[in-house]
Structure formats: C-alpha cells, structure tokens
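Numbering of the sequence shown is given in UniProt numbering, commencing with residue 1 and proceeding in unit increments. Even for Gly, the Cβ is constructed at its ideal location relative to N, Cα and C. These numbers were taken from a predicted model, which means no experiment stands behind them. First comes the structure, then the notes that go with it.
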Amino acid sequence: MIIHLITKLSFTLLLVLMTNNAVAEWKLAFNGMFRNKKIQVYLDYDRIRKSGDTVKIWELVDFPEGSELVNNLSVKSLTEFDCLDERHRSLYKVFYTGNMGEGRVDFSVDTPSNWAPIIPETVTESLWKEACGKQDFETQTLSMPLPAAPDWESSGWMEVYRDNSFIRFHIYPSSIQKNNRFGRVWTLFSCKTDTSSRLYHIRRILYEFDCDNKRVKVVDEKFNDDPNPPNDGGIRHIRMASRPTIEEWKGQSIEEPKLWGTLKNDLFYNICNR
C-alpha cells in the first residue's frame, strides 16, 4: 500500500515537473467555441516526439470561461496521434484549478485511453493535422514508388471483363501494391471494332484505392499513341493525350457511365479485400 502510494505520488510529481509552464513553449493551435464556451488549445512543439507513423505531443486545453464538462479551468495532456490510421488517444492528463496550467493540481489520469478515430471538422482533427505535419485526408497515399506501366502487349494482362466482345477490361496482377489501407493496380481498356478482328488497346490507367474511406483516384493514365488506330468513330472519340498527373480523391461510387462505375466498384472490393 505504501509502495503504491509512493509510486503514485512520484508519478504525479514527475507529471507536474514535465508539464511545468516554465519549460513549456505553448503555441496556440486552436481558438474557438465549445458548447457555447470559449476554448483555447495550445501545443508544445519543442517536445514533440515522432516514431514511425505516430506522434506524441503535449496539449494544454484552457477554458477561459469555465467548462460544463469539467470543474477545472485547464487540462494538460500527453496525446498520441496515429498519422496514418487517423486516430488518437490520451496517455496522461493533469487537471488544474486555474487557467493555463496554473493553480492547484486537482487530479491526474495515468491510464491510456482507447484509440479513437479522427472525426473531420473537429478540434481533434485540427490538432491531428498540426501534430502530423499538417497532413490532410487528401494527401495520404501509399508510400512505395509507383509501379511501372506494363507493356501494351505484355502477356501479364488478365482479362476480367468484356462487353459483347467489343470492350475488354484487363488488370495487371503483378503490379498490385497494397498495405493495410491503400491499394494500387494497373488496368487496361481494349476493344475490337466491327471492321477489324484486331484487339486494339486504348488506355492504361493506374488506379489507387483508399480502402478505409472508399475512395479512388487516377494516379497515372496513358493513352495509346498509335498513329494509325482503327478507323472507328468511337475509338477516335475516346482517344486523348496521356495525363500522368494525380487526381483528387473521389468517392468510389461517384456518378459515372454505368460500365466504368461498375468496373471500378468491383475492382475496389477486389483490391481492398486481398
């Protein structure tokens, strides 16, 4: 009992020393309203600790007008953010009777909380962006290099769809890249015209899927630059210049012609469920 009490007191003392305002360089990260009360959140950037995809940072939450949630006027906490999986948890909390970490230490919590998701357009999302380097949901992607575009005539293409023997859709299985959230794959659209039995390759598209948020974007797109394509109006209409640029993320169920939407939807689940 005595040992436990000493340990508890030692931990509280250590926590107070670590969160002392004299050594902390608090910088305002959020200034707004919460439940009709003013709230200000400060971060100590000088003591930020990064390890892999996680970041630990000290926060100071100040309630200049008081709070309906707690009887204290300020709270210091060591928060851990998961930059990749968009979640957070509290490691330690110290509650103060005064503003800006002043006054008496009312009580502390040294049990880490469960991981919770980052909810868009909240104070927590603002802090997550600050702690993780001001990332946002639109810039996250696979960190590995892009797979090279397979040759048009490579034997590695696998046909997964055909429409009345006219349009063919292929994927290149060996190009698939996947981690616990994102997936990429090269695809190929081909067709046969009414006047020719030759299979004509129209375009290659490198898709990337955000499996958690059910989004898709085109990472690279290359159209066939054959100077003598089959003399078919439909093919001439869809032949365009390549666009090796990264699109914005889009919901995988966005409005598109039925064929493209269905293929992309099926591809999304095939890649994300691997």
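Ile-57 - DSSP class collapsed to helix/strand/coil: Against the sequence shown, residue 57 aligns to sequence position 57. Three-state result, Ile-57: strand.
In the DSSP assignment, what residue or residues form a beta bridge with Ser-155? Within the sequence shown, numbered from 1, the residue matching residue 155 stands at position 155. In DSSP, Ser-155 forms no bridge with anything.
Can you look up Ser-67 in the DSSP assignment and give me helix, strand or coil? Mapped onto the sequence shown, residue 67 falls at position 67. Residue state, collapsed to three classes: coil.
What does DSSP give as the partner residues of Gly-183 in its beta bridges? Within the sequence shown, numbered from 1, the residue matching residue 183 stands at position 183. For Gly-183, which the question treats as bridged, DSSP gives the partners Lys-178, Phe-209.
According to DSSP, residue 275 sits in a beta bridge with which residue or residues? Only positions 1 to 274 of the chain appear in this structure, which leaves residue 275 out of reach.
By a C-beta neighbour count over all protein chains shown, 10 Å radius and 16 as the cutoff for buried, is Leu-9 buried or exposed? On the sequence shown, position 9 is the one that residue 9 refers to. Residue placement at Leu-9 is flagged as unreliable, the pLDDT there being 40, under the threshold of 50; a coordinate-derived value is accordingly withheld.
If we call anything under 8 Å between Cβ atoms a contact, is Thr-63 one with Ile-48? Translated into the one-based positions of the sequence shown, residue 63 becomes position 63. Translated into the one-based positions of the sequence shown, residue 48 becomes position 48. Note that residue 63 is Phe in the sequence shown, not Thr. No, the Cβ-Cβ distance between Phe-63 and Ile-48 is not below 8 Å.
Residues near residue 308 in its chain [Cβ-Cβ closer than 7 Å; skip 5 each side]: The chain is shown only over 1 to 274; residue 308 falls outside these bounds and no answer can be derived.
Who are the near neighbours of Asp-151 in its chain, counting only those whose CB is closer than 8 Å to its CB and skipping five residues on each side? Start at 1 with the first residue of the sequence shown, and residue 151 comes out as number 151. So the list is empty, once near-sequence residues are dropped.
Along the chain, where does the beta strand (DSSP E) that runs through Leu-43 open and close? Within the sequence shown, numbered from 1, the residue matching residue 43 stands at position 43. Counting along the chain, the beta strand (DSSP E) containing Leu-43 begins and ends at 37–44.
Bridge-paired residues (DSSP) for Gly-32: As a position in the sequence shown, residue 32 is number 32, starting the count at 1. DSSP, once it has assigned bridges, lists Ile-39 as partnering Gly-32.
Of all the options Asn-36, Val-105, Phe-268, which has the alpha carbon lying nearest to the alpha carbon of Lys-214? Numbered from its first residue, the sequence shown carries residue 214 at position 214. Here the closest residue by C-alpha is Phe-268.
Beta carbon of Cys-83 nearer than 8 Å to that of Gly-183: The count along the sequence shown starts at 1 and reaches residue 83 at position 83. The count along the sequence shown starts at 1 and reaches residue 183 at position 183. Contact: no.
Can you give me the C-alpha to C-alpha distance between Thr-187 and Asp-266, rounded to a whole angstrom? Mapped onto the sequence shown, residue 187 falls at position 187. Mapped onto the sequence shown, residue 266 falls at position 266. Cα to Cα, the separation comes out at about 13 Å.
If you follow the alpha helix (DSSP H) that Leu-127 is in, where does it begin and where does it stop? Here residue 127 refers to the residue found at position 127 of the sequence shown. 123–131 is the span of the alpha helix (DSSP H), which, as asked, contains Leu-127.
Taking C-alpha atoms, which residue in Gly-98, Glu-80, Leu-199 lies nearest to Trp-115? For the purposes of this step, residue 115 is taken as the residue at position 115 of the sequence shown. Residue Glu-80 is the option with its Cα nearest to Trp-115.
Going by DSSP, name the residue or residues bridged to Thr-79. Against the sequence shown, residue 79 aligns to sequence position 79. According to DSSP, which records beta bridges pairwise, Thr-79 is partnered with Ile-57, Ser-90.
Based on the DSSP output, what are the partners of Ile-223 in its beta bridges? By one-based count along the sequence shown, residue 223 stands at place 223. Reading off the sequence, residue 223 comes out as Phe, not Ile. DSSP lists Arg-203 as partners of Phe-223.
Rounded to whole angstroms, what is the Cα-Cα separation between Ser-108 and Ala-29? For the purposes of this step, residue 108 is identified with residue 108 of the sequence shown, where counting begins at 1. For the purposes of this step, residue 29 is identified with residue 29 of the sequence shown, where counting begins at 1. Looking at the two C-alpha atoms, the distance is approximately 23 Å.
Between Leu-60 and Trp-26, which are expected to be in contact by the criterion C-beta below 8 Å, what is the C-beta distance as a whole number of angstroms? As a first step, residue 60 is located in the sequence shown; it is residue number 60 there, counting from the start. As a first step, residue 26 is located in the sequence shown; it is residue number 26 there, counting from the start. Right, their Cβ atoms sit about 5 Å apart.
Glu-208 to Leu-43, Cα distance in whole Å? Within the sequence shown, numbered from 1, the residue matching residue 208 stands at position 208. Within the sequence shown, numbered from 1, the residue matching residue 43 stands at position 43. Their backbone Cα atoms lie some 34 Å apart in a straight line.
Can Tyr-96 and Leu-73 be called in contact, C-beta distance under 8 Å? Position 96 of the sequence shown, counted from the start, is the residue given in the question as residue 96. Position 73 of the sequence shown, counted from the start, is the residue given in the question as residue 73. A contact, by the Cβ cut-off of 8 Å.
Confirm, please, whether the CB-CB distance from Leu-263 to Tyr-161 is below 8 Å. Locating residue 161 in the sequence shown gives position 161, where the first residue counts as 1. Locating residue 263 in the sequence shown gives position 263, where the first residue counts as 1. Cβ distance < 8 Å, so Tyr-161 and Leu-263 count as in contact.
Reference Asn-224; option with closest CA among Val-216, Leu-199, Ile-176: Against the sequence shown, residue 224 aligns to sequence position 224. Among Val-216, Leu-199, Ile-176, the Cα nearest to that of Asn-224 is on Leu-199.
Output the distance between the C-alpha atoms of Thr-245 and Ile-119, rounded to the nearest integer angstrom. Position 245 of the sequence shown, counted from the first residue, corresponds to residue 245. Position 119 of the sequence shown, counted from the first residue, corresponds to residue 119. Model confidence at Thr-245 stands at a pLDDT of 48, short of 50, so the residue's coordinates are unreliable; what they give is reported in the following sentence. Each residue's Cα considered, the two are about 29 Å apart.
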